[in-house]
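Peer 1: Per the numbering used here, the sequence shown runs over residues 343 to 559.
A virtual CB, placed ideally from N, CA and C, is assigned to each residue, including glycine.
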Amino acid sequence: MIKLQGLSDDELGLISRQIANVFYDYPYPAESRGLCAFLPEWDRMLTYIDGIVRAGYRSGLLYTTSEKREGYLMMTCSKGDSVRFLDGIRMILAMKKALGGWKELIRFIRAFLRNGGTFELRMRKAKRDFIKVDLLAVRAEYQKQGFMKRMMEFAFELAAEQGVPVILETDDRDKCERYMHYGMKVDRSREVAAGMQVYDLISTRSEERRVGKECRS
343 MIKLQGLSDD ELGLISRQIA NVFYDYPYPA ESRGLCAFLP EWDRMLTYID GIVRAGYRSG
403 LLYTTSEKRE GYLMMTCSKG DSVRFLDGIR MILAMKKALG GWKELIRFIR AFLRNGGTFE
463 LRMRKAKRDF IKVDLLAVRA EYQKQGFMKR MMEFAFELAA EQGVPVILET DDRDKCERYM
523 HYGMKVDRSR EVAAGMQVYD LISTRSEERR VGKECRS
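(1) In this structure, does DSSP put GLN539 in helix, strand or coil?
(2) Whole angstroms is fine: what's the gap from LEU377's alpha carbon to GLY505's?
(3) Quick one: what does DSSP say ASP476 is sitting in, helix, strand or coil?
(4) State yes or no: is the C-beta of GLY413 within less than 8 Å of the C-beta of ARG481?
(5) Would ILE361 and ILE391 qualify as a contact pair, given that the criterion is a beta-carbon distance under 8 Å?
(6) Is the Cβ-Cβ distance between LYS486 and TYR405 less than 8 Å?
(7) Is the closest heavy atom of the ligand SAH to the C-beta of ALA379 under 7 Å?
(8) Please report the straight-line C-alpha distance between ARG359 and LEU388, rounded to a whole angstrom.
(9) What residues in its chain sit with their C-beta under 6 Å from that of PHE461, if we drop five residues either side in the sequence?
(10) Taking all protein chains shown into account, do 16 or more other C-beta atoms lie within 10 angstroms of the C-beta of ILE473, making it buried, or fewer, making it exposed?
(11) For MET433, which option in GLU373, ARG411, ILE394 and LEU441 has the closest C-alpha, if you only look at C-alpha atoms?
(12) I need the straight-line Cα distance from MET538 to LEU356, nearest angstrom please.
(13) Cutting at 6 Å between CB atoms, please list the residues of its own chain near GLU556, excluding the five before and the five after it.
(14) May I have the straight-line CA-CA distance separating ARG449 from PRO382, to the nearest angstrom?
(15) Is the separation between the beta-carbon of SER545 and that of PHE498 shorter than 8 Å?
(16) Return the CA-CA distance between MET417 and LYS438, expressed in angstroms with no decimal places.
(17) Nearest-angstrom Cα distance between TYR524 and ALA372?
(18) Taking DSSP as the reference, what is the three-state secondary structure of LEU463?
(19) Can you say whether SER570 is buried or exposed, counting buried as having 16 or more other CB atoms within 10 angstroms of its CB?
(20) Beta-carbon within less than 7 Å of ARG534's beta-carbon, same chain only, minus the 5 sequence neighbours each way: which residues are those?
(21) Could I get the ranges of all uninterrupted beta strand (DSSP E) runs contained in the segment 387-467, with 3 residues as the minimum, in chain order?
(22) If you draw a straight line from the C-alpha of ARG515 to the C-alpha of PHE427, how long is it?
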């Protein structure tokens, strides 16, 4: 995995378009629209993703699989690695623009806070450390070639070094099952809006490995 650095504005724009295409073109089942329930138009999806990509990149949180950039991964960590304050403000402003104003942004946030709140919020309330996969996308032409597994293994390795779980949220059952195939477990599922179900997933194998080492010492 390569941490993205030294990119031009045009290169960042290209990455945002590539990731926006992955989300917008995803074949959701008839009963689910995923993120498109809030962002039904491609240009709005692009604005939303671009805000996240630029915040992640400027905060040093954005990775790619190789020089070919088959896939992209953005991670934060409760122990320190997070979106910087000013980058977070820019990201929120981009989200507001994508969603259509402050009122819609507030509605979007409230939707994700329903039924007990986001997985990250619940982990913080429980005072549990974690690594969170905030964004994972494999470009269409490189899907089903092992790049998703490669990125997840990278996250698992970092988590193992810190002895913390990996958490993530996904908006589709098929995506959920793929993450389960790589060792994640469903903590819970929650409906955040009509046509959008979110699955909270966690992998605790790094914690289990740490406990095992402590028991053998």
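Peer 2: According to the data block:
(1) Three-state result, GLN539: strand.
(2) 31 Å
(3) Strand at ASP476.
(4) yes
(5) yes
(6) no
(7) For the structure depicted, the ligand SAH is absent and the ligand set is empty, with no information on it obtainable.
(8) 6 Å
(9) ILE509, GLU511 and ASP542
(10) buried
(11) ILE394
(12) MET538 and LEU356 have their C-alpha atoms some 27 Å from each other.
(13) Unreliable positioning characterises GLU556 in this predicted model, as indicated by a pLDDT of 44, which lies under 50. The coordinate reading is nonetheless provided below. Within the same chain, GLU556 has no close Cβ partners at all.
(14) 16 Å
(15) yes
(16) Each residue's CA atom was taken as its position, placing MET417 and LYS438 some 22 Å apart.
(17) 26 Å
(18) helix
(19) This structure gives no information on residue 570, because the portion of the chain shown stretches from 343 to 559.
(20) What sits at residue 534 in the sequence shown is Val, not Arg. ALA453, PHE454, ARG456 and VAL540, listed in sequence order.
(21) 404-406 and 413-419
(22) 33 Å
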